[in-house]
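Q: So that we are looking at the same thing, I have put the structure below in structure tokens.
Protein chains: 2
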Amino acid sequence: MTSLLADLERRLTGHVSVQPGDLDDHARDLNWPDRGTPAAVVYAASVADVQAAVEWADATGTPLVAWGAGSSAEGQVIADYGQVILDLSGLNGPVDVRPGDFEAACPAGVRRSEVDRAARRHGLMFTVDPGADATIGGMAATNASGTTTVRYGDMRSNVVCLRYVDAHGRVHRAGRPVAKTSSGYSLKDLLVGAAGTLGVIVEVTVRLHPVPAAIHAQRTSFPDITHAVRAAADTMEHALAVARLELADAASVRALNTVRGRDWPVAPALLVELHGSDPESLRLEVAALDSIMRRHGGNSTEGAATPSTQRALWDDRHGMFLAAMNQHPAHTYVITDTVVPMSSLPAAVEHASARAAALRLDVVVGGHIGDGNVHTLVCVAPGQDDAAATYSDELVRWALAHDGSATGEHGIGLAKKKYLALEHGDAVDQMRAVKRALDPNGIFNPGKIFDR
Amino acid sequence: MTSLLADLERRLTGHVSVQPGDLDDHARDLNWPDRGTPAAVVYAASVADVQAAVEWADATGTPLVAWGAGSSAEGQVIADYGQVILDLSGLNGPVDVRPGDFEAACPAGVRRSEVDRAARRHGLMFTVDPGADATIGGMAATNASGTTTVRYGDMRSNVVCLRYVDAHGRVHRAGRPVAKTSSGYSLKDLLVGAAGTLGVIVEVTVRLHPVPAAIHAQRTSFPDITHAVRAAADTMEHALAVARLELADAASVRALNTVRGRDWPVAPALLVELHGSDPESLRLEVAALDSIMRRHGGNSTEGAATPSTQRALWDDRHGMFLAAMNQHPAHTYVITDTVVPMSSLPAAVEHASARAAALRLDVVVGGHIGDGNVHTLVCVAPGQDDAAATYSDELVRWALAHDGSATGEHGIGLAKKKYLALEHGDAVDQMRAVKRALDPNGIFNPGKIFDR
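These protein sequence lines map, in sequence, to chains A and B. Sequential numbering from 1 applies to the first sequence in the numbering used here. Sequential numbering from 1001 applies to the second sequence in the numbering used here.
Listed below in structure tokens is the structure:
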């Protein structure tokens, strides 16, 4: 490896590090349980640097793992057998907001918070919010989504077009910054969600949305989780202007109350946000929402009418799993990410709760319920590893048996590879054929999504 | 070919025709100027029939062209060198509407009007409307869109998942019927828009939308086309609940008045539809729209408040190009389909009008202006073929030079192949690599999108 790295250093002088601190900074993601120490880290500061790194990888057959903020949840950026990390956070030039087109061209290393800040200077917003302040390139690579996806869509539907470096170091545009096109194959949609296995995304043009003129948020408690989920499904059927629709179970609320000093009723809750184009029409939507909530046993609704109370509500929502972790300090944690059709959602949540009880696991149930995306956090006590693995496995298999998917937003990465064939059958061969076609030497993030 | 066809007939007894009438029925699409008589037509009545035809094609290296309703606009279904047509209109079993999931699973041969009718029995609607009553499979294959795309999206964003037969005759699911997923490569998005060059789509699960509680439509006339287009761009920037936003130039209006007996002011017009969740909020949107229209010189607005007047308005819109054709009986016709970013739209329409005048061509300008998608209809008098070709070429090159695309919704097909590399550069090599990977024997619609 040493002469290979010397060659890399020659091509990218001053951009390559093998310092233990740098390697260690790139050895973990947010959720994958194991470390993976890379052989080296390349800090790209330009698209030309990315091309040089890829040309080296192509010439030497050395695998590269593209890295944004390291906030992936399923091991997508882990150098699990000593690959070279290609750190793209230096691709962080200015965000080019085009307000008349509702678009912004973003270098891949820019954080989503920066994109949103730039958009808001024009009365627009960038809506994809996975919680972590991820880079735009990483979010495109994992097809990230989050609380606002129920209204504004996932990354795939918010990436208008992109630029990427292919396996031979050439830069391509995938798509054009237009509202629609039918020109050739949608390489853009192939790169989005490919976790850096087909090319290195270096620029992403995202869709922006107008900041709504009127926003209402609220939290409503329910007698049990089934009532809460049925209220959520009914809300979706009524096609209200729902911008967020999140579930928190009683355990999440208990953790929040304890760790963050809240005084929410200890009961399952729906957290809802509505966006309207004017206060009057929003008032009508809120009334409709209230009647749905009441019909399903919703009680003790707490509204959030001001920007600061709304921010606090969503900050609490994003802090929920962390609060539960804080309550279980000597534990490890397993997060699930299944998604099912809305009609199967009440049964999915009941199954998740019932199996947690049967396996005597400490489980927090929540998620982006308006999308049918259920997250559970298993707080695994010593000796419970097998039970936690069984639980996670059961939830995925239940989702797949009910026309769902193993992952709503976290991606396959390293963690879900064993379910790929179960979900897609022989279509995995078609995916592998595409992989071989676009990455013939296997230099892009090998071992992710598929086995090496 | 005879022994090959005998083999095909053995595999699909009773489903293969070489009758001149059948061949002639499959020799043209809606717009491609030339005939292409197929060697035979296979009438598939089941997915197994499709598999049998593909297995034959794979074994014998014989090319197949999938056929839905024959309503493609760029020659996508033309057997231009005597290929075999695979007619999928017999895949027309019941539409499976799942109202709680806002989805319907549709056999590929079902017409869009049937899907919409089935949806409306549940208070839902299927929104993609390219004008022609195309099949769902064909619409997916060309990534069709139309008047309502400005609000409800193109086929790509309305296809949740699909089933297709690959080049070896195997049936695959591409995606799952869920709101979002990050599991593996999005084969669904690869098949959508591939014009049958990567696989044969046999079932499509589409997204349905609730029928809006309140609908308002109107037509507003403007002093000139630039004012009309600027009003359209401004309307989009205000993020109103625009469900359709269409442009008709003075020539279109003149043709409508003459051929269909209307009395619209002979001036450029915007045709707009707004969808609201209740009459009161819609009233506010209409007021906001009116003030935008007036600010840009809009006058003589004619509202359409009832379902029947709204139907009449959109029927007139869809009949516009046909009316212009009726006025020019001894002509041939060239339709363009460029799309540009909204910020370039006023200049694009001005360019289209100015070049028509300079080339002394009879041109009708219209299109899905809310998406930046401009259609022109050139009525080509004898001797004007070269001028018409020049005009069409200039419009595409202008769009590409302004970050636009050669085709907003019609697709590349046979007609736009020469612009593929101009639009995508070397990325065409990546598309070709995908084509070779998924269709190694080149049996699926060869010569479309790319040269053979």
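C-beta: ideal position from N, C-alpha, C; glycine also.
Hey, how far is the Cα of residue 108 of chain A from the Cα of residue 304 of chain A?
A: 34 Å
Q: Contact criterion: CB-CB distance below 8 Å. Does residue 118 of chain A meet it with respect to chain B?
A: no
Q: Locate the beta strand (DSSP E) running through residue 1205 of chain B, then write down its first and last residues.
A: 1200-1207
Q: Count the C-beta pairs between the stretch 1337-1348 of chain B and the stretch 1374-1385 of chain B that are closer than 8 Å, then say yes if the count reaches three, no if not.
A: yes
Q: Using a Cβ-Cβ cut-off of 7 Å (strictly less than) and excluding sequence neighbours within five positions of residue 391 of chain A, which residues of its own chain qualify?
A: 355, 356, 359, 361 and 378
Q: Leaving aside the five residues before and after residue 1384 of chain B along the sequence, list all residues of the same chain whose C-beta is less than 7 Å from its C-beta, in chain order.
A: 1361
Q: Identify which residue in B:1068, B:1137, B:1127 and B:1139 has its Cα closest to the Cα of residue 1153 of chain B.
A: Closest by C-alpha distance to residue 1153 of chain B, out of B:1068, B:1137, B:1127 and B:1139, is B:1127.
Q: Please list the residues of the stretch 1395-1411 of chain B that have a C-beta atom closer than 8 Å to any C-beta atom in chain A, keeping them in chain order.
A: 1403, 1404, 1405, 1406, 1407, 1408, 1409, 1410 and 1411
Q: Taking a Cβ distance cut-off of 9 Å, strictly less, list which residues of the stretch 256-287 of chain A are near chain B, in chain order.
A: 276, 277, 278, 280, 281, 282, 284 and 285
Q: Quick one: which residues of the stretch 164-188 of chain A get their C-beta closer than 8 Å to a C-beta of chain B? List them in chain order.
A: From the stretch 164-188 of chain A, only 166, 170, 172, 173, 174, 176, 177, 178, 179, 180, 181, 182, 183, 184, 185, 186 and 187 have a Cβ closer than 8 Å to chain B.
Q: Within 8 Å (strictly less), CB to CB, does residue 1027 of chain B reach chain A?
A: no
Q: Got a sec: which bits of the stretch 133-145 of chain A sit with their beta carbon under 7 Å from any beta carbon on chain B, in order along the chain?
A: 142, 143 and 145
Q: Alpha helix (DSSP H) containing residue 1279 of chain B: first to last residue?
A: 1279-1295
Q: What residue range does the alpha helix (DSSP H) around residue 1310 of chain B cover?
A: 1307-1327
Q: Among the candidates A:162, A:151, A:83 and A:419, whose CA atom is the shortest distance from the CA of residue 140 of chain A?
A: It is A:162.
Q: May I ask you to report which of helix, strand or coil DSSP gives residue 405 of chain A?
A: strand
Q: Does the stretch 29-43 of chain A come close enough to the stretch 65-84 of chain A that 3 or more CB-CB pairs lie under 8 Å?
A: yes
Q: Per DSSP, what are the beta-bridge partners of residue 215 of chain A in this structure?
A: A:275
Q: Residues of chain E with CB closer than 9 Å to the CB of residue 350 of chain A, please, in chain order.
A: Going by chain labels, chain E is absent from the structure shown, which instead holds the protein chains A and B.
Q: List the residues of chain B whose Cβ lies closer than 7 Å to the Cβ of residue 414 of chain A, in chain order.
A: Near residue 414 of chain A there are no residues of chain B at all, since even the closest Cβ is about 14 Å away, more than 7 Å.
Q: May I ask you to list, following chain order, the residues of the stretch 430-451 of chain A that have a beta carbon less than 7 Å from some beta carbon of chain B?
A: The residues in question are 430, 431, 433, 434, 436, 437, 438 and 449.
Q: What in chain A is Cβ-close to residue 1190 of chain B, meaning under 8 Å?
A: 185, 186, 189, 190 and 434
Q: Where do the ends of the beta strand (DSSP E) carrying residue 338 of chain A lie?
A: 332-339
Q: As a quick exercise: from A:364, A:13, A:399 and A:102, pick the residue whose alpha carbon is nearest that of residue 211 of chain A.
A: Nearest of A:364, A:13, A:399 and A:102 to residue 211 of chain A, Cα basis: A:102.
Q: Using a Cβ cut-off of 9 Å, which residues of the stretch 361-385 of chain A contact any Cβ in chain B, in chain order?
A: Taking a C-beta cut-off of 9 Å against chain B, the contacting residues of the stretch 361-385 of chain A are 368, 370, 371, 372 and 373, listed in chain order.
Q: Using CA coordinates, which residue listed in B:1242, B:1406 and B:1323 is at the minimum distance from residue 1286 of chain B?
A: B:1242
Q: Please classify residue 409 of chain A as buried or exposed, where buried requires at least 16 neighbouring CB atoms within 10 angstroms.
A: Residue environment analysis places residue 409 of chain A among the buried positions, since at least 16 neighbouring C-beta atoms fall within 10 angstroms of its C-beta.
Q: Could one say the Cβ of residue 425 of chain A lies closer than 8 Å to chain B's Cβ atoms, at least one of them?
A: yes
Q: Any Cβ of chain A within less than 8 Å of the Cβ of residue 1069 of chain B?
A: no
Q: Could you please give the first and the last residue of the uninterrupted alpha helix (DSSP H) stretch that includes residue 87 of chain A?
A: Careful: residue 87 of chain A lies outside any alpha helix (DSSP H), inside the beta strand (DSSP E) at 84-87.
Q: Which residue's Cα is closest to the Cα of residue 232 of chain A: A:297, A:145, A:64 and A:263?
A: A:297
Q: Less than 6 Å between C-beta atoms, sequence neighbours within five positions excluded: which residues of the same chain meet that for residue 1309 of chain B?
A: none
Q: Against chain A, which members of the stretch 1085-1118 of chain B pass a CB distance test of less than 7 Å?
A: 1098, 1100 and 1101
Q: Suppose you measure from the CA of residue 1203 of chain B to the CA of residue 365 of chain A; what does that come to, to the nearest Å?
A: 35 Å
Q: Whole angstroms is fine: what's the gap from residue 1121 of chain B's alpha carbon to residue 1099 of chain B's?
A: 10 Å
Q: At the level of alpha carbons, what is the spacing between residue 1423 of chain B and residue 192 of chain A?
A: 20 Å
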